[in-house]
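Here's the structure, in C-alpha cells; my notes come after.
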Amino acid sequence: EAAVTQSPRSKVAVTGGKVTLSCHQTNNHDYMYWYRQDTGHGLRLIHYSYVADSTEKGDIPDGYKASRPSQENFSLILELASLSQTAVYFCASSGLGGNQDTQYFGPGTRLLVL
Amino acid sequence: AQSVTQPDARVTVSEGASLQLRCKYSYSATPYLFWYVQYPRQGLQLLLKYYSGDPVVQGVNSFEAEFSKSNSSFHLQKASVHWSDSAVYFCALIPSGTYQRFGTGTKLQVVP
Numbered sequence: 003e004a005a006v007t008q009s010p011r012s013k014v015a016v017t018g019g020k021v022t023l024s025c026h027q028t029n030n031h032d033y034m035y036w037y038r039q040d041t042g043h044g045l046r047l048i049h050y051s052y053v054a055d056s057t058e059k060g061d062i063p064d065g066y067k068a069s070r071p072s073q074e075n076f077s078l079i080l081e082l083a084s085l086s087q088t089a090v091y092f093c094a095s096s097g098l099g100g101n102q103d104t105q106y107f108g109p110g111t112r113l114l115v116l
Numbered sequence: 707a708q709s710v711t712q713p714d715a716r717v718t719v720s721e722g723a724s725l726q727l728r729c730k731y732s733y734s735a736t737p738y739l740f741w742y743v744q745y746p747r748q749g750l751q752l753l754l755k756y757y758s759g760d761p762v763v764q765g766v767n768s769f770e771a772e773f774s775k776s777n778s779s780f781h782l783q784k785a786s787v788h789w790s791d792s793a794v795y796f797c798a799l800i801p802s803g804t805y806q807r808f809g810t811g812t813k814l815q816v817v818p
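Protein chains in written order, with the numbering used here: chain A, 3 to 116; chain B, 707 to 818.
What follows is the structure, given as C-alpha cells:
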C-alpha cells in the first residue's frame, strides 16, 4: 500500500513567521508534489520534484519554497507566512509515469496564519 | 486554457438512487483524465483514470466514467449510491507534457 505522511497535521502560525511543512513517502516514487486546497479553487500545484535536490515551480509558487533532500522527503517552506496562505496543504507522490501517473496523497496539513 | 470544470458544487441524492457527477474539460487533444474522491479530513484517492481506448472506464467501488470527445466531457456515474459515498469528488486533467490540473470539486451528500 502506497504511503504518504505529512507533519504536522495542523499548525497555527503568526504572520511574518517561518513555517515548514514536511512530507515523507515510502512508495519509492520519484515524483513528489505540494498542493494547496482552498474552497472554490480545488487543488492547485505549488511545487513539485522529480529527483532529489531539484524542485520545479507549479502554478502558484509565489511565497513558497520547496526542498527535496532525499527521494523520500519533500518540504514546503513559507519564509514569511501571510494571512492569504491559510489553507489545507497536501503532499502527493507518483511513480515512473511522472506527472501522468496516479498520484498518492497524504492526509493534509491544516495551516492557519494569524 | 487547459482546464476542467465541475459545474455542480453540491449534489444531493437519495440512497439507492443513481448518480452522475459532471466534468467538462478544455483541451485541444485527448487528455489524461482522472476522478478522485476525498473523504473528510483525508487526502484524495483515485477512483478511476482514462488514457485511451474504451470510453467507458470502470473504477473502484462500482464507479464508472464515460469519456466523450465530442462533448469534451468525462462524467462520473454510479448506478446505486450508498451513504458511505458522501464525499467530495474531483475531476483532473493532465495535458500532454505537463501536470495535473484539478477541478473545483463536487460535494456529494447521500440522504436516506
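Ideal placement from N, C-alpha and C gives every residue a C-beta, glycine not left out.
Short Cβ contact (9 Å threshold) for residue i with residue j
i, j, result
"residue 756/B", "residue 780/B", "yes"
"residue 16/A", "residue 83/A", "yes"
"residue 53/A", "residue 73/A", "yes"
"residue 797/B", "residue 725/B", "no"
"residue 42/A", "residue 810/B", "yes"
"residue 90/A", "residue 116/A", "no"
"residue 742/B", "residue 799/B", "no"
"residue 722/B", "residue 768/B", "no"
"residue 782/B", "residue 107/A", "no"
"residue 92/A", "residue 38/A", "yes"
"residue 729/B", "residue 717/B", "no"
"residue 35/A", "residue 86/A", "no"
"residue 814/B", "residue 792/B", "yes"
Presumed contact (8 Å Cβ cut-off) between residue i and residue j, rounded CB distance
i, j, result
"residue 754/B", "residue 764/B", "7 Å"
Paired residues, beta bridge with residue i - DSSP
i, result
"residue 718/B", "815/B"
"residue 44/A", "40/A"
"residue 711/B", "730/B"
"residue 784/B", "725/B"
"residue 741/B", "754/B and 797/B"
"residue 807/B", "799/B"
"residue 768/B", "Answer is none; residue 768/B lacks a bridge partner."
"residue 59/A", "49/A"
- Item | Segments assigned beta strand (DSSP E), at least 3 residues, entirely inside the segment 68 to 115 of chain A | 75 to 80, 89 to 96 and 111 to 115
- Message: Quick check: the segment 44 to 53 of chain A against the segment 803 to 813 of chain B, are at least 3 beta-carbon pairs closer than 8 Å?
- Response: yes
- Three-pair Cβ contact test at 8 Å for the segment 52 to 69 of chain A versus the segment 78 to 93 of chain A: yes
- What beta strand (DSSP E) runs, 3 residues minimum, are completely inside the segment 5 to 31 of chain A? 6 to 9, 12 to 15 and 21 to 27
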